[in-house]
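Numbering (mature numbering (1 follows the signal peptide of the UniProt record, and there is no 0)), first residue to last: -25 to -1, 1 to 142. Glycine is no exception: its CB is placed at the ideal position from the N, C-alpha and C atoms. This one's a predicted model, so the numbers in the text were calculated from it and none came from an experiment. In what follows, a single structure is set out as structure tokens and then discussed.
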Amino acid sequence: MMTFKKTMALAIALPLALGSASALAYGGGKNHNGHGGKGGCGMDDSRMFRQLDLTDAQKTELKDLRQANKDNKRGKKGERHSDMQAQHQKMQQLVLSEDFNEAEVRALAEEMSKQQVERRVSMLKQRHEMMQVLTAEQKTKLQELQAERGEKCQAKMEKRMERKQSN
């Protein structure tokens, strides 16, 4: 009986989790100016880079890196989309099948997790490449700016929570 409950919980939770991941991958959680969530508390550092007194050579190198990353993403977009569609169809088949096949569900979940890990590694590699363009002083200033933004975002979130609790 306990296995059945766990299986049902997984069958219900997996589509919800994957649907949320799909929405975020598509661009959910971003407002009209491309920053995450309300108030621009996302991970976009482009505004902060403008405050770092970059040399023309640094600006050019960062621009080239951004363009290369953008081109790389565009090249993989169709493949990623078709993979996501295939995974969604497989997920639907598993959820709608007569018998729950935990091994297939686990394999699908692991495949999807592996792809997410690869995307995250790629993103962090790109960020690392961009950080290598900065001087030690610029890196320190960027960290300070990020800490300030984090504090402001935390304060905004706390205010939102207070308003929700008072309503």
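Item, Value
"Take Glu54 as the anchor and find which of Gln68, Gln26, Asp39, Gln90 has the nearest alpha-carbon.", "Gln90"
"Could you compute how far the alpha carbon of Glu126 sits from the alpha carbon of Arg25?", "20 Å"
"Is there contact here, the region 63 to 72 with the region 130 to 142, by at least three beta-carbon pairs under 8 Å?", "no"
"Return the chain-ordered list of same chain residues with a C-beta closer than 7 Å to the C-beta of Tyr1, the five sequence neighbours on each side being excluded.", "Summary for Tyr1: the model assigns pLDDT 41, below 50, so the residue's position carries little reliability; its value from the coordinates is reported in the next sentence. Answer for Tyr1: no residue qualifies."
"Determine the contact status of Gln33 and Val108, defining contact as a CB-CB distance below 8 Å.", "yes"
"Quick one: what does DSSP say Leu109 is sitting in, helix, strand or coil?", "coil"
"The alpha helix (DSSP H) that contains Ser21, what's its start and end?", "21 to 24"
"State the start and end residues of the unbroken alpha helix (DSSP H) segment that holds residue 180.", "There is simply no residue 180 to check, as the chain begins at -25 and stops at 142 in what is shown."
"Would you mind stating whether Leu37 and Met106 have Cβ atoms separated by less than 8 Å?", "no"
"Taking Cβ positions, are Leu83 and Met23 nearer each other than 8 Å?", "no"
"If you draw a straight line from the C-alpha of Glu123 to the C-alpha of Leu29, how long is it?", "20 Å"
"Just tell me which of Leu71, Lys100, Thr115 has its CA closest to the CA of Leu40.", "Lys100"
"Confirm, please, whether the CB-CB distance from Leu69 to Glu85 is below 8 Å.", "no"
"Leaving out five residues on either side along the sequence, give the residues of the same chain with a beta carbon under 6 Å from the beta carbon of Asn6.", "With a pLDDT of 42 at Asn6, under the threshold of 50, the predicted position of this residue should be treated as unreliable, and no value is reported."
"Here's a check: name, in chain order, each residue in its chain whose Cβ is nearer than 6 Å to the Cβ of Thr35, leaving out the five neighbours to either side.", "none"
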